[in-house]
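Numbered according to this note's numbering, the sequence shown terminates at residue 1032, and the numbering increases by one at each position without gaps.
Taking it in order: structure first as structure tokens, then the write-up.
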Amino acid sequence: MEGSFQAAAANARSMEPIDIARLEEAVIAFYRINAQDQAVTHGWLTEAEASPQAWQFSWQFMQLGKSQEVQFFGAITLHSKLMKHWHEVPPENREELKQKILETIVQFAGGPKIVLNRLCIALGAYIVHMLDEWPRAIEEVIETFQNQRMPNVTPDIQLWIMLEVLQAIPEEAQVIHTSVKRVTLRAELGKRVPLILQTNESYLKQQMNRVWDAETYSNMIRAVKCVGTWIKNIGYSIEGCVTITAVLLEVVNKCYWPCIRAGDGCMSADENELAEACLKTMVTIIIQPDCHNFPKTSFILIKMFLDSLSEITKMEWKRDNDNEDIIVHIYMLFVSAVERHSSLLLSGITSSDPELTVLVNRVVQEILHCTDKPGIYPVEESCSTMALAFWYMLQDEVFAIQNEEQKIKCWEYIKPLYAHLTSILVRKSEQPDERSLDKWNSDDLECFRCYRQDISDTFMYCYDVLHDYILEILAAMLDEALAELQRHPSHWTKLEACIYSFQSVAEHFGGEESRQIPRLMRVLAEIPYEKMNVKLLGTALETVGSYCNWLMENPSFIPPAINLLVRGLNSSMSAQATLGLKELCRDCQLQLKPYAEPLLNACHASLITGRMKNSDSVRLMFSIGKLMSLLPPDQIPKYLDIIVSPCFEELQVICEANTKTPAARIRTIFRLNMISTLFSSLNTDLDEESKEHATVQPVLLVMQRTMPIFRRIAEIWVEEIDVLEAACSAMKHAIMNLRGSFQPMLEDLCLFIVASFQTRCCAPTMEISKTAIVMFYKDESCKPLMQQLLREFIQHSFKVFENVPQQNFSNISDTMETFYGCASQIVKKIPQTLEDKTIAYDRLVYYAQRCMTLPESGAIRTSIQFMTHFIMHSRNHPHVTEVILATGEQTLYTVMTCVGYLTPRSQVDKFADVFLAMNKKYPAEMAVWLKTVMATPNFPTELISDAEKTRYTSLIIKEKVNKRLLQQHLSEMAIKTRGLTEKFQ
48 MEGSFQAAAA NARSMEPIDI ARLEEAVIAF YRINAQDQAV THGWLTEAEA
98 SPQAWQFSWQ FMQLGKSQEV QFFGAITLHS KLMKHWHEVP PENREELKQK
148 ILETIVQFAG GPKIVLNRLC IALGAYIVHM LDEWPRAIEE VIETFQNQRM
198 PNVTPDIQLW IMLEVLQAIP EEAQVIHTSV KRVTLRAELG KRVPLILQTN
248 ESYLKQQMNR VWDAETYSNM IRAVKCVGTW IKNIGYSIEG CVTITAVLLE
298 VVNKCYWPCI RAGDGCMSAD ENELAEACLK TMVTIIIQPD CHNFPKTSFI
348 LIKMFLDSLS EITKMEWKRD NDNEDIIVHI YMLFVSAVER HSSLLLSGIT
398 SSDPELTVLV NRVVQEILHC TDKPGIYPVE ESCSTMALAF WYMLQDEVFA
448 IQNEEQKIKC WEYIKPLYAH LTSILVRKSE QPDERSLDKW NSDDLECFRC
498 YRQDISDTFM YCYDVLHDYI LEILAAMLDE ALAELQRHPS HWTKLEACIY
548 SFQSVAEHFG GEESRQIPRL MRVLAEIPYE KMNVKLLGTA LETVGSYCNW
598 LMENPSFIPP AINLLVRGLN SSMSAQATLG LKELCRDCQL QLKPYAEPLL
648 NACHASLITG RMKNSDSVRL MFSIGKLMSL LPPDQIPKYL DIIVSPCFEE
698 LQVICEANTK TPAARIRTIF RLNMISTLFS SLNTDLDEES KEHATVQPVL
748 LVMQRTMPIF RRIAEIWVEE IDVLEAACSA MKHAIMNLRG SFQPMLEDLC
798 LFIVASFQTR CCAPTMEISK TAIVMFYKDE SCKPLMQQLL REFIQHSFKV
848 FENVPQQNFS NISDTMETFY GCASQIVKKI PQTLEDKTIA YDRLVYYAQR
898 CMTLPESGAI RTSIQFMTHF IMHSRNHPHV TEVILATGEQ TLYTVMTCVG
948 YLTPRSQVDK FADVFLAMNK KYPAEMAVWL KTVMATPNFP TELISDAEKT
998 RYTSLIIKEK VNKRLLQQHL SEMAIKTRGL TEKFQ
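Below is the structure:
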């Protein structure tokens, strides 16, 4: 069988007549083979679908007696042909095609529905194509199926078919390949929207006094979705949507209340699905793009929503409710309506119209209730998260009001709302306690973590409205939580949530705050953490870290903060402790001088326990470096010896053993990361006084002693890019931290880099070369060394490029990306490097041209950046100008090839930078080059006419400044040259 479908696929590809029997076997096999073979077969079947012969075999495959898989393939083939290849249907055959589709729909009225559905979509595509020739198509479809003119087909199925066809029409109008402009198509279909609404509305009204069975639910859902699909894709003034909205609200209420009043209180799956469809369709109605132009109707619709649905939200305002799904969608409707009509909301605040004011109060209270839904998200409730974006929008809109008087009035209105919201958010950020955690899985916990972060952001918006008053609210809640803890020592979640809330607003408060933050700090120091859940300690540690700016100006609170952080280092919350200590050492370094030595001893004691995770140990080294920098110079070697020496000793042992096991690799990276982090923070030049008493930087001493180990690591782990990255990162941090003080080690660094290049030219060594060149090239004493390093950097990179066939450059695209990224930065920041006449600039340009043609976005981006900076600085150096003049035409040819067809279309606009640079520095030459390039026959593709090429050439040459406009021209040209004009109409 496998041979059969391969043969059929081969036929399809060669466009020879397709063996129908073999193709049928291929379709059947497709559903029975593994995923890998399925992917290959799918490509072959798609080619068969696209062949002209598909018009014939699609009908053959839908004959009675064929397997369901084959019939379905026939139906999707017919739909595909109608959607993409309508031009193959002769006008004289179109009526026959319509009849054939209708007959086949009748044939499959009894099922399978998967085939019938695809046939209905096919008829929808046919109708869209025939709107001009068959202007009453939609009316006739409705009449045919409403009047039950199909013999031997049940009324429910006839209705099902009608609704499937009607729903397909606007969707097909978005995707079919047609010569008619989309805007024209939508305008033509827009004339039919009233009929569609009336048809579905009438049907839904007829059902309101009937008992609904499964078939009725199914068709009502289709009718509601049909309305939503037309409004979403075609649009309709909300003034014409009031009646259908009333019907949809009636349906929602009929889905909900009977089960509440007479049933078990839990909606069925059918009731839920129908109510959800109605609510989603109402969202589509109320958020239409132009609906803000109809504020009176918007007011009417929002009032209808509230009048009809508020009783349901009131009934379901509880945790673990059975009907959470309908509540989620009701609140989604409220939030969507208010976000879309924010101007109506603000006008209601400042308006003298009492009805509008009442409406605004009602809807804001509903959203406040949504935020305050009982239970913990996402296990006990699912609504509150959707309201958080509203609170950002409301304060943002208020502060954007231009009229100062109106702004102040709105601000005064929302202050009590945000004060109430603050207390709600504290409660909603409470973590699940130990007793309820058994209901939570890992996905729930991750979802809650993200939700808490959203709450943290919302606290920031509350601060924007309330300013310092927010601390008073949080302090009052902190007192309540502490009182609760005294009554019930196991109730830690409220206290943890209060502390988290303080942490969320920390960045707004400097050292001048003297009432609530000192109280918070005392509370954090006095909590008996050993009796509490360890999560409370974790949040307290994070909070101390977030208030480091305040601690810097209030140093008397630093000792208890240190005690708390040290306590955290020796707990399961060491990650939070190391983060908090890192922030303290970064922001309050000088204030820590009296505590540096005992704190260093505590850090060392925590390190040697071996209980910390590797990432925490690495992070702790930052604090160790900052603290070591505070010590007297004669004390530093002692701590280097006890803390840093073990890192190098272990690296030395691994190097001497020459074992390249996974365990050795992990330990090497870990130790290098520890050293790298230390190098980033250990710097004894803290102030002018320390600079006057010049001493050798400790990092320099360490580097001088350990450079042989770095060289040995580079030799042993040459194939392991992450090890090389860790080693180069350590040296890069040393350079960036010490800057000019690193100069004595520069020659050793260059020897390390060149030795690494000779073994393997890779991204980490390129990056550290760039860092050294950018930092030291301008220093006359270092310039010769940096010139030589730059030559080595370029020459060894060229060797990599030369050893790979050009058709395989994608295999080294990451190397090319890094090379041109570094070269771009060097030319941009140190244009003096272009003075060196020994560099092969023509090859730099040549490989940049090749790099532009790769499919990888990073390589495209950095090569364009390099060429842009290279061109912009070239006129200052005659020998570089000659290179541009010699290669300019080829550069433009490459660029236009990329724009025309080679580069992914999403990357095309990046090439605007090259044109702008060329047009600025070589305007006359560029005009000649571009006209010559574009005069090439069928270039860049045969899909663009000579007249269009001339037009785009003129537009590109003309545009010397406006990058956005030039990008637009290039994007439009790319659409033309790739034959995508029809798709983007």
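The beta-carbon is built from N, C-alpha and C at its ideal position, and this holds for glycine as well.
Assumed close pair residue i, residue j - CB separation to whole angstroms, cut-off 8 Å
i	j	result
T93	S105	So it is not a contact: roughly 14 Å between Cβ atoms.
L932	E972	7 Å
A215	V162	Contact doesn't hold; Cβ gap of about 14 Å is too wide.
L251	V298	6 Å
S727	H780	4 Å
T540	Q478	5 Å
L513	Y439	Rounded, the Cβ-Cβ distance is 15 Å, inconsistent with contact.
Nearest residue (CA-CA) to residue i, options the options
i	options	result
R786	F381, V746, V851	V746
L232	A324, M267, W277, N266	W277
I281	E402, V230, C325	V230
S676	L380, P693, K660, P641	P641
Q533	P575, Q682, Y594	P575
Y508	S489, V552, R482	V552
K456	T397, V512, R409	T397
I471	Q442, P159, I520, V153	I520
F604	R569, V240, N580	R569
P710	D826, T938, E697	Note that residue 710 is Ala in the sequence shown, not Pro. Nearest C-alpha to A710: E697.
I332	A523, K967, E286	E286
A523	Q912, Y510, F549, E358	F549
I347	S399, V385, V289	V289
Same chain, Cβ closer than 7 Å to residue i, five either side skipped, listed in chain order
i	result
Q1014	D956, A959
R759	C702
P342	L391
M62	Unreliable positioning characterises M62 in this predicted model, as indicated by a pLDDT of 48, which lies under 50. The coordinate reading is nonetheless provided below. For M62, where only same-chain residues beyond five positions count, the Cβ hits under 7 Å are S98.
M822	I782, R786
E49	Here E49 scores only 37 on pLDDT, less than 50, and its place in the model is too uncertain to base an answer on.
E444	S389, L393
R633	K673
K830	Y824
P202	Q195
L977	L939, T1000, I1003, I1004
F948	As written in the sequence, residue 948 is Tyr, which differs from the Phe given in the question. Once the five neighbours on either side are set aside, the close Cβ partners of Y948 are P987, T988, T1024, R1025.
Proximal residues to residue i (C-beta, below 6 Å), its chain only, five neighbours per side dropped
i	result
D317	Y264
A906	S860, M863, E864, C898
G592	L626, G627, E630
T586	E543, I546, Y547
D156	Before going further, note that residue 156 is Ala rather than Asp in the sequence given. For A156, where only same-chain residues beyond five positions count, the Cβ hits under 6 Å are V200, I204.
L616	A624, S653
Assigned exposure category for residue i - 16 Cβ within 10 Å defines buried
i	result
Y78	exposed
H1016	buried
R908	buried
E219	buried
I461	buried
P606	exposed
G275	buried
F856	buried
C430	buried
C313	exposed
F446	exposed
I65	buried
T731	buried
Cβ-based neighbour list, residue i, same chain, cut-off 8 Å, excluding 5 preceding and 5 following
i	result
M1037	Because the chain here runs from 48 to 1032, residue 1037 falls outside it and cannot be looked at.
E71	F108, K113, V117
N610	A572
I448	L393, K454, C457
Next item on the list: May I have a chain-ordered list of the alpha helix (DSSP H) segments no shorter than 4 residues that lie completely inside the segment 126-212?
Entry: 141-154, 160-176, 184-193
Notebook entry, point to check: Taking only runs of the alpha helix (DSSP H) that begin and end inside the segment 806-872, which ones reach a length of at least 4 residues, in chain order?
Noted result: 810-823, 830-849
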